[in-house]
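A.B. asks: Have a look at this one.
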Amino acid sequence: MLGSDATAEGISLDALPISRRTGSEPLTAHGTAAGATLADFWAWACSDVISNRLRGILAEYIVAFALGVADGVRTEWDAVDLRLPDGLDVEVKSAAYVQSWSQQQLSRIGFDIVPAKGWNARTDVVAAVPHRPSRVYVFCLLHHTDKATIDPLNLDQWEFYVTPTIALDAALGAQTRISLARLRAITPSSVTFGELAARVAECAAVPT
5 MLGSDATAEG
15 ISLDALPISR
25 RTGSEPLTAH
35 GTAAGATLAD
45 FWAWACSDVI
55 SNRLRGILAE
65 YIVAFALGVA
75 DGVRTEWDAV
85 DLRLPDGLDV
95 EVKSAAYVQS
105 WSQQQLSRIG
115 FDIVPAKGWN
125 ARTDVVAAVP
135 HRPSRVYVFC
145 LLHHTDKATI
155 DPLNLDQWEF
165 YVTPTIALDA
175 ALGAQTRISL
185 ARLRAITPSS
195 VTFGELAARV
205 AECAAVPT
């Protein structure tokens, strides 16, 4: 048996090509469908789209959908969240007032903006110095505050703050987190889902 760091002739340790699945793929045992599908797993594991982790991934998908690049698959652990065909790299952050767990009060809004030695999934290279590698940041705020009616799939419950990364670097340097008030000082107006693609294009055109 090969260990995790072992290699052998004829065995490739290259990155696995990930194909987009439909959800209809069955779980199998001894070559026979076991009675559950990948969609069943998705429903079991991914229904809480208000939770921090899944809400963040949903926000990435919403932005990808708005930009017309949601037809592939998400790359886990890449240095940037979205890589567009024209070379634009986009970082997506999300926050919400309402959480799926019991709360004493609405959550205070803030976004992680820490410069990091990110890993480029395409080149398998880790950055030599901490930085923000994307050209544009999209901060996604699920602004709805009523737990009875909150629905992250309702795009009207989101607002989006788009800013060139160069503006964050100039205003905040190596700061690791930004409050909503500070973000609004840098990016005074939010946009809706329908306006998102145009605002990203505007910010991408800002000279670096």
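Quick note on my numbering: the sequence shown kicks off at 5 and runs consecutively.
Beta carbons are placed, not taken as given, at the ideal position from N, Cα and C, and that holds for glycine.
Quick one: what's R87 bridged to in DSSP?
C.D. replies: Counting from one through the sequence shown, the residue named residue 87 turns up at place 83. Its beta-bridge partners are D93.
A.B. asks: Buried or exposed for I22, please, with buried defined as at least 16 other CB atoms from any protein chain shown within 10 angstroms of its CB.
C.D. replies: As a position in the sequence shown, residue 22 is number 18, starting the count at 1. Burial call: exposed.
A.B. asks: Using 8 Å as the cut-off, can you tell me whether the region 129-141 makes contact with the region 84-99, which would need three or more C-beta pairs spanning the two stretches below that distance?
C.D. replies: With a cut-off of 8 Å, the region 84-99 and the region 129-141 count as touching, because enough Cβ pairs lie within range.
A.B. asks: Is L200 closer than 9 Å to R59 when the C-beta atoms are compared?
C.D. replies: By 1-based counting over the sequence shown, the position of residue 59 is 55. By 1-based counting over the sequence shown, the position of residue 200 is 196. No.
A.B. asks: Please state whether the Cβ-Cβ distance between R181 and G122 is less than 9 Å.
C.D. replies: The count along the sequence shown starts at 1 and reaches residue 181 at position 177. The count along the sequence shown starts at 1 and reaches residue 122 at position 118. Result no, Cβ atoms of R181 and G122 do not sit closer than 9 Å.
A.B. asks: Consult DSSP for Y101 and reduce its assignment to one of helix, strand or coil.
C.D. replies: The residue you call residue 101 lines up with position 97 of the sequence shown. In the structure shown, Y101 sits in coil (DSSP, three-state: anything other than H, G, I, E or B).
A.B. asks: Across the region 192-206 and the region 158-165, are there enough close Cβ pairs to call them in contact, namely three or more that are closer than 8 Å?
C.D. replies: Touching, yes.
A.B. asks: Which of the three DSSP states is assigned to G114 in this structure?
C.D. replies: Translated into positions along the sequence shown, residue 114 becomes position 110. Correct three-state label for G114: strand.
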